[in-house]
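Asker: Chains as they are written, first to last, in the working numbering: chain P, 1 to 437; chain C, 438 to 874.
Backbone N, C-alpha and C fix where the C-beta goes; we use that ideal spot for every residue, glycine too.
Bear in mind that the values here come from a model prediction, so they are computed numbers and not experimental data.
Below is the structure:
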């Protein structure tokens with residue numbers, strides 16, 4: 001039987017899951033593929049460490065260069081994570097004529113241009129299903145299932161940590177810090193959770209979704225990113241009273257000026273298909289011209305779910321290698337210019353949506369009028385208002401605005417920030433745009 | 438530029454959608470594929486009829502045999518529907534060396550053995566993504582995204598008509614007949630809705646899901662099928678009071694004795710991911726060993742959604758044809774024996790679940806005791822009971838049973854049916870098994 005030979009860089013969680021899956025499902029894979037997937041070498045930093053999977057000691061090496069240079073290896077699987085040294089290893093593997101599978105969104109988001117250029121130059125493929133939404137086959141669905149369709153928008157819950165924390169806050173009424181500690185204790189948040197709760201990780205994944213959906217590489221500074229650290233227990237309670245849940249969404253939509261990408265906490269109507277995505281689950285909603293709305297839901301992280309995606313990429317490469325065909329190199333991707341390259345407003349600033357607004361103001365006559373007048377000067381109208389627990393001293397005043405441009409809203413927030421009426425900075429959370437409801 | 442040549446049998450809704458999509462997305466398809474998809478001939482019954490899409494008259498023919506025999510055609514796309522003459526055309530196309538794309542679940546469910554044997558004998562591929570859940574790439578996800586995973590169960594809302602009717606009954610309190618008329622008026626149910634509301638259509642699709650998930654062909658008589666015609670407005674109201682929605686589900690799970698398939702109305706807990714699938718949407722929930730729970734959701738029928746799936750199959754074949762490789766012929770499928778071939782209970786009869794039970798009984802002392810005693814004789818325990826609007830004359834008594842085997846429940850229902858206490862036959866609706874909650 002033919003064999004396809006794999007070298008794996010990194011034997012952490014996902015690496016161990018990949019080795020385990022290839023081993024446990026060996027018979028099924030061989031029956032389906034008509035070939036053997038052989039793990040020839042695994043590179044680890046510390047060969048002495050105990051692993052989550054049993055591996056024959058002779059497979060283990062501490063020398064990534066030797067693995068990459070091994071002429072018997074067809075596919076290099078990069079599961080180290082982070083930008084360096086992962087990027088150097090991927091580039092070296094492509095130069096050595098290997099195809100590459102990776103689950104590393106950071107390296108693709110930050111060094112993708114270089115990596116895909118090297119892949120094209122050497123006629124090799126880079127597959128990365130595991131880098132977005134773990135084991136959910138959403139990139140494959142966009143690329144193949146919806147191959148002939150025109151993608152209009154994607155909106156995803158793609159950071160399990162943020163979703164777990166917001167979900168815990170919603171269920172228990174806890175504040176952010178308390179929910180974060182709970183997520184850390186349950187293993188759903190890292191000791192340093194910054195990349196997750198800041199929206200940075202979701203932005204990396206969104207850039208990859210946009211690349212597959214539209215064949216564009218978006219300049220990192222063109223993605224508006226807002227984390228969940230500013231969402232309070234009171235915001236979640238007030239949103240609930242207005243009929244919404246707060247979710248951290250990564251949203252991209254196509255426009256005449258090119259795709260517009262943003263990550264931010266979002267008010268999602270209760271009953272919406274994304275509102276039901278709880279805990280550490282991920283989901284990506286896709287709006288496309290012919291198919292309409294579709295949704296892909298499942299575990300977005302973890303050892304075995306991500307391994308399923310990594311092995312699906314290995315098998316896709318293996319099918320072509322067994323057939324003696326060159327696997328398809330990534331389709332041409334064009335780079336979008338950085339925002340405001342032409343000095344005008346960005347697509348994001350022109351975007352229109354409703355907004356949730358919470359301001360702490362003294363319960364005195366005239367204050368509401370001054371706040372509303374300030375908003376009105378920028379074209380921001382209030383559609384609903386709730387005053388939370390009125391009394392003496394500053395009280396939270398909660399508003400929902402009519403749909404208004406992001407630019408107008410930012411200008412209004414800027415003026416409000418300098419108002420002597422406000423006891424604390426206003427909290428603004430965007431509402432899911434009508435086209436995605 | 439290379440071209441891949443297609444002949445289409447049938448220019449109804451899905452045929453017209455396919456032609457339109459291939460035309461409208463021509464540039465995008467060529468850029469991605471590096472080849473042209475050329476529609477060379479379209480066979481219709483009545484060439485004079487007006488169509489939902491503009492087609493050059495010289496493409497139209499009324500002679501399916503000439504289309505199939507055309508040596509320039511690489512792929513025959515069967516979009517006639519029904520078992521015959523679709524089956525004969527598919528077999529003729531395979532014998533003539535064509536690859537086949539179809540969206541016809543009926544012909545595959547009833548004549549699949551013959552069709553796949555012919556495909557294997559002639560080394561040709563039969564792709565059928567459009568036959569299950571319209572444009573949702575669920576077969577592709579099972580086959581490729583989850584290629585290395587072990588599928589444990591699938592549970593789908595795969596008949597849009599049934600889901601639309603149950604949803605309308607739930608929202609408006611209407612009874613079945615009234616909701617059916619509404620669905621017919623809205624174009625969501627055929628004039629003769631039998632195949633949809635009887636569960637037959639869902640059973641066809643479930644058989645195809647099982648074939649892709651486990652490589653087995655299930656004997657049609659081995660699928661337990663129950664339609665939604667027996668579900669009353671009162672059942673929906675009572676289920677709602679107990680915290681459930683009633684959905685028509687197609688469920689299959691793997692077991693030591695092979696996959697067990699069934700289609701029936703099911704009580705789904707409110708808040709469950711399948712409970713949120715409303716209207717004519719479809720969704721398939723997959724439980725697999727490594728990935729865990731995943732869900733694929735979208736429009737399960739209609740002109741453009743199904744066309745997206747058909748074109749995705751054409752493109753997958755085209756990629757291989759352009760590369761000069763033989764597309765993969767379906768993996769070996771084994772036929773499961775008919776149920777009770779060995780005389781013992783079927784996997785379905787051994788299945789355990791809770792049950793909703795509604796009996797109409799006179800409001801007299803002793804009746805409840807006799808019903809409960811009868812159930813108890815068969816090992817059926819009642820966990821909750823609601824008496825709906827007590828008064829004189831027969832009143833509905835609504836019960837939820839503890840988890841019990843299907844065989845025991847059927848025996849209890851058989852004895853109840855002959856009880857003089859019952860004013861009408863009991864209604865029993867199964868609760869979603871705990872493993873899928």
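1) Is the Cβ-Cβ distance between residue 478/C and residue 517/C less than 8 Å?
2) Give the C-beta separation of residue 700/C and residue 594/C to the nearest angstrom, bearing in mind that I take them to be a contact with Cβ-Cβ under 8 Å.
3) So which residues of chain C does residue 89/P contact, with C-beta pairs closer than 8 Å?
4) For residue 454/C, count neighbouring Cβ atoms within 10 angstroms of its own Cβ and tell me buried if that reaches 16, exposed if not.
5) Less than 7 Å between C-beta atoms, sequence neighbours within five positions excluded: which residues of the same chain meet that for residue 289/P?
6) Report yes or no: do the stretch 759-767 of chain C and the stretch 679-688 of chain C share at least 3 C-beta pairs separated by less than 8 Å?
7) Can you pull the chain C neighbours of residue 287/P, defined as C-beta to C-beta under 8 Å?
8) Could you have a look at residue 226/P and say whether DSSP puts it in helix, strand or coil?
9) Keeping to the same chain, check which residues put their C-beta closer than 7 Å to that of residue 132/P; ignore five residues upstream and five downstream.
10) Considering residue 685/C, what are the terminal residues of the beta strand (DSSP E) in which it resides?
11) What is the DSSP secondary structure of residue 499/C, reduced to helix, strand or coil?
12) Would you give the residue range spanned by the beta strand (DSSP E) that residue 3/P belongs to?
13) Note down, in chain order, each residue of its chain lying with its Cβ closer than 6 Å to the Cβ of residue 385/P, except the 5 sequence neighbours on either side.
14) Does the count of Cβ pairs from the stretch 10-26 of chain P and the stretch 303-322 of chain P closer than 8 Å reach three?
15) Residues in its own chain within less than 8 Å of residue 599/C by CB, not counting five upstream and five downstream?
16) Considering only residues of the stretch 167-194 of chain P, which uninterrupted alpha helix (DSSP H) runs meet the minimum length of 4 residues and lie entirely inside it, listed in chain order?
17) Here's the rule I'm using: 16 or more other beta-carbon atoms within 10 Å means buried, otherwise exposed. How should residue 560/C be labelled?
18) Helix or strand or just coil, what does DSSP make of residue 558/C?
19) Where do the N-terminal and C-terminal ends of the beta strand (DSSP E) with residue 706/C fall, by residue?
20) Between the beta-carbon of residue 354/P and the beta-carbon of residue 427/P, is there less than 8 Å?
21) Are residue 374/P and residue 412/P touching if we call contact CB-CB under 8 Å?
22) Note the first and the last residue of the continuous alpha helix (DSSP H) segment covering residue 450/C.
23) Chain C partners of residue 486/P, CB-CB under 7 Å?
24) Shorter than 8 Å from the beta carbon of residue 136/P to some beta carbon of chain D?
25) Determine which residues share a DSSP beta bridge with residue 36/P and list them.
26) Among 716/C, 722/C, 616/C and 868/C, whose alpha-carbon lies nearest the alpha-carbon of residue 789/C?
27) Measure the Cβ-Cβ separation of residue 571/C and residue 809/C and say whether it is below 8 Å.
28) So which residues on chain P does residue 583/C lean against when the C-beta distance must stay under 9 Å?
29) Might you give, ordered along the chain, the residues of its own chain that have their beta carbon closer than 6 Å to the beta carbon of residue 820/C, omitting 5 neighbours on each side?
30) How big is the Cα-Cα spacing for residue 611/C and residue 833/C?
31) Starting from residue 729/C, follow the beta strand (DSSP E) in both directions and report where the run begins and ends.
32) Thinking C-beta only, is residue 597/C closer than 8 Å to residue 564/C?
33) On the criterion of 16 or more Cβ atoms from any shown chain inside 10 Å, does residue 167/P qualify as buried, or is it exposed?
34) Could you compute how far the alpha carbon of residue 843/C sits from the alpha carbon of residue 786/C?
35) Examine chain P for any beta-carbon lying closer than 8 Å to the beta-carbon of residue 578/C, and answer yes or no.
36) Could you tell me which of 583/C, 527/C, 508/C and 515/C sits nearest to residue 724/C, measuring between CA atoms?
Answerer: If we stick to the structure as given:
1) no
2) Actually they are not in contact, since the Cβ atoms of residue 700/C and residue 594/C sit about 11 Å apart, beyond 8 Å.
3) Near residue 89/P there are no residues of chain C at all, since even the closest Cβ is about 24 Å away, more than 8 Å.
4) buried
5) 149, 150 and 152
6) no
7) The premise fails here: residue 287/P is roughly 10 Å from chain C at the closest Cβ pair, so nothing lies under 8 Å.
8) coil
9) 105, 138, 139, 158, 205, 208 and 209
10) 681-690
11) coil
12) 2-9
13) 399
14) yes
15) 633, 634, 636, 639, 664, 665 and 685
16) 176-185
17) exposed
18) helix
19) 697-706
20) no
21) yes
22) 450-461
23) Beyond the ends of chain P as shown, which are 1 and 437, falls residue 486/P; an answer cannot be given.
24) Protein chains in the displayed structure are P and C, and chain D is not among them.
25) 3/P
26) 868/C
27) no
28) 135, 137, 308 and 312
29) 837 and 839
30) 18 Å
31) 729-736
32) no
33) buried
34) 5 Å
35) yes
36) 583/C
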